[in-house]
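In order, the protein sequences belong to chains A and B.
The letter at position 97 of the first sequence is residue 97 when you use the UniProt record's numbering, and the numbering goes up by one with no holes.
The letter at position 95 of the second sequence is residue 95 when you use the UniProt record's numbering, and the numbering goes up by one with no holes.
2 protein chains.
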Amino acid sequence: MVLGAWASPFAIRPRIALTLKSIDYEYIEENLRAKSDLLVKSNPVHKKVPVLLHGDRPICESLVILQYIDEQWSSGPSILPSDPYDRAIARFWVAYVDDKFFPALAGILKFFPALAGILKAQSEEAKAEALGQVKAVLELLEEALKDCGKGGAFYGGERIGYVDIAFGSYVGWVRAVESMGEVTLLDEERLPGLVGWTERFCSHEAVKDVMPETEKLIEFAKKLFSKPT
Amino acid sequence: MVLGAWASPFAIRPRIALTLKSIDYEYIEENLRAKSDLLVKSNPVHKKVPVLLHGDRPICESLVILQYIDEQWSSGPSILPSDPYDRAIARFWVAYVDDKFFPALAGILKFFPALAGILKAQSEEAKAEALGQVKAVLELLEEALKDCGKGGAFYGGERIGYVDIAFGSYVGWVRAVESMGEVTLLDEERLPGLVGWTERFCSHEAVKDVMPETEKLIEFAKKLFSKPT
Chain A
1 MVLGAWASPF AIRPRIALTL KSIDYEYIEE NLRAKSDLLV KSNPVHKKVP VLLHGDRPIC
61 ESLVILQYID EQWSSGPSIL PSDPYDRAIA RFWVAYVDDK FFPALAGILK FFPALAGILK
121 AQSEEAKAEA LGQVKAVLEL LEEALKDCGK GGAFYGGERI GYVDIAFGSY VGWVRAVESM
181 GEVTLLDEER LPGLVGWTER FCSHEAVKDV MPETEKLIEF AKKLFSKPT
Chain B
1 MVLGAWASPF AIRPRIALTL KSIDYEYIEE NLRAKSDLLV KSNPVHKKVP VLLHGDRPIC
61 ESLVILQYID EQWSSGPSIL PSDPYDRAIA RFWVAYVDDK FFPALAGILK FFPALAGILK
121 AQSEEAKAEA LGQVKAVLEL LEEALKDCGK GGAFYGGERI GYVDIAFGSY VGWVRAVESM
181 GEVTLLDEER LPGLVGWTER FCSHEAVKDV MPETEKLIEF AKKLFSKPT
């Protein structure tokens, strides 16, 4: 059983991994403004989605869950590479995605015309700097696709792997951010590898049903930021 | 070969793990104000220690290195548990240590009398709140010691494991913070488990030669904060 929330990049990660492994699972959509007792009991430390309940044992934190799924159902297609060095490289890029890409992407939300009047106005310099940061991170991830994927279609080579799931889980939000911000982040000329990868990832059998739609995310973001937190 | 810096909690992690595995290694102390070409070339993304150079292959990020060491030299004593669920629990607490404990510990530095005149003065309420946060995190880690270690001497049970190395790498700084802040964080009455664990961890063969001395860390902190960054 997976406790998740449709708009959370973290919460779609275990769902993609379970589908890759051909594991059927029950899915429960949590209301994050009124968390279920099951969620609070299953993740008492953070009280956050996703939680994987395997039997009655809860596993929390999306990256911990991905590795658990890979190790527990080791007979299915591998999510992490089998070679220790390749695993280290995959783990390095996954850490980079969560530590650098996610904050950079979140950092430009406040500059959005679509959120004008909701969030505080910001200077043009600050906006340019925040955008520059996202673009620099994306350029590095374009390079990593070549190295990590060894020329294959994905970071995992010929199939979706650990880095694909971790980074790919943000693609819905990247598109929402592009639309709300009236900016192009995935520029075909500068980032041809990533643009192709994004298409392949989102149309993959294990991904297409859980990747949130851009329009729905935009509505979600407007609601989220219009309420006092 | 390990590129490290003596005062960095992150940089002592791979050294502890290599010693546990009885792997001899060359150690290079980096000057972080004048990083070596080898460091910059080996970790071009972050340019940070630690880096493990295994032959000519660099592995970066302390937690990635720990897992690499465990997988590469799998015949030595295990660092992560062998059962997937126990591994997930260990990974969960390691993430907690770096995401919650480290920022909480760093967050009280600015309230220190020993750093008065160097850092900006803060209110008493803010100080009490920051201290309360560290204490709450430590209480949870006291509980985790019982669950994760299953009644053993360490988080890894009868021997030092992944959580011990990750959390234990901060013990030198905890002691320095207690001294500089004139506060007791590891209170014997409230945290008897952690106090005993700290002693056992620091006197362990694999740890005692790399755990930085409290007095040296205090001198280091004063110098660090007295320079413009």
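Note that the Cβ used here is the ideal one computed from N, Cα and C, for glycine as well.
On a Cα-Cα basis, can you pick out the residue from the options that is closest to residue i?
i: I218/A; options: F112/A, Q133/A and L131/A; result: F112/A
i: P26/B; options: D37/B, S82/B, T198/B and P14/B; result: The sequence shown places Glu at residue 26/B, rather than the Pro named in the question. Checked all of D37/B, S82/B, T198/B and P14/B; the closest Cα to E26/B is P14/B.
i: A11/B; options: S36/B, P44/B, V49/B and L18/B; result: V49/B
i: F225/B; options: L185/B, K110/B and T214/B; result: K110/B
i: A136/A; options: G157/A, S123/A, E124/A and P103/A; result: P103/A
i: S42/A; options: E215/B, I89/B and K222/B; result: I89/B
i: G172/B; options: G157/B, F201/B, T214/B and E158/B; result: T214/B
i: D83/B; options: W73/A, R159/A, P84/A and Y85/A; result: W73/A
i: G151/A; options: E71/A, A126/A and W197/A; result: W197/A
i: E158/A; options: K216/A, L18/A, A126/A and H204/A; result: H204/A
i: R57/B; options: Y85/A, S75/A and G55/A; result: Y85/A
i: G149/A; options: G4/A, P81/A and D24/A; result: P81/A
i: R19/B; options: A176/B, E199/B, G76/B and D37/B; result: The residue asked about is misnamed: residue 19/B is Thr in this sequence, not Arg. Taking only the C-alpha atoms, the option nearest T19/B is G76/B.
i: K47/B; options: E199/B, D37/B and G55/B; result: D37/B
i: residue 234/A; options: P212/A, A176/A and G55/A; result: Examination of residue 234/A is not possible in this model, given that chain A is present from 1 through 229 alone.
i: S179/B; options: L191/B, A153/B, K216/B and E189/B; result: K216/B
i: A153/B; options: E199/B, A126/B and I23/B; result: E199/B
i: I23/B; options: P9/B, H54/B and L32/B; result: H54/B
i: P9/A; options: A176/A, A126/A, K223/A and E124/A; result: A176/A
Which residues share a DSSP beta bridge with residue i?
i: residue 241/A; result: Nothing in the structure corresponds to residue 241/A, since chain A is present only between 1 and 229.
i: P58/A; result: L53/A
i: F154/B; result: G157/B
i: V2/A; result: Y27/A and L52/A
Since residue i meets chain B, which of its residues come closer than 7 Å, beta carbon to beta carbon?
i: C60/A; result: F92
i: V45/A; result: Y96 and L140
i: E71/A; result: P84 and R87
For residue i, go through chain A and note every residue whose CB falls closer than 8 Å to its CB, in chain order.
i: R57/B; result: Y85
i: V64/B; result: A88, R91, F92 and A95
Write down the C-beta distance between residue i and residue j rounded to the nearest angstrom, noting that I regard them as a contact closer than 8 Å.
i: I69/A; j: K21/A; result: 6 Å
i: E29/B; j: L39/B; result: E29/B to L39/B, Cβ: 11 Å. No contact.
i: E142/B; j: G193/B; result: 5 Å
i: V97/B; j: F167/B; result: 5 Å
i: L52/A; j: V2/A; result: 6 Å
i: V174/B; j: L63/B; result: Contact doesn't hold; Cβ gap of about 19 Å is too wide.
i: F220/A; j: A7/A; result: 5 Å
Can you list the residues of chain B that residue i reaches, using a CB-CB cut of under 9 Å?
i: Q67/A; result: P84, R87, A88 and R91
Please say whether residue j and residue i have beta carbons closer to each other than 8 Å?
i: K16/B; j: V207/B; result: In the sequence as displayed, the identity of residue 16/B is Ile instead of Lys. It is a contact, given that the beta carbons lie within the stated cut-off.
i: Y170/A; j: G161/A; result: no
i: L138/A; j: I108/A; result: no
i: residue 248/B; j: C60/A; result: In the structure as shown, chain B begins at 1 and stops at 229. Residue 248/B is therefore absent and cannot be evaluated.
i: L185/A; j: V195/A; result: no
i: L140/B; j: V45/A; result: yes
i: E71/A; j: R87/B; result: yes
i: D147/B; j: F201/B; result: no
Is the closest heavy atom of the ligand NAP to the C-beta of residue i under 7 Å?
i: L80/B; result: No copy of the ligand NAP appears in this structure; indeed no ligand is present at all.
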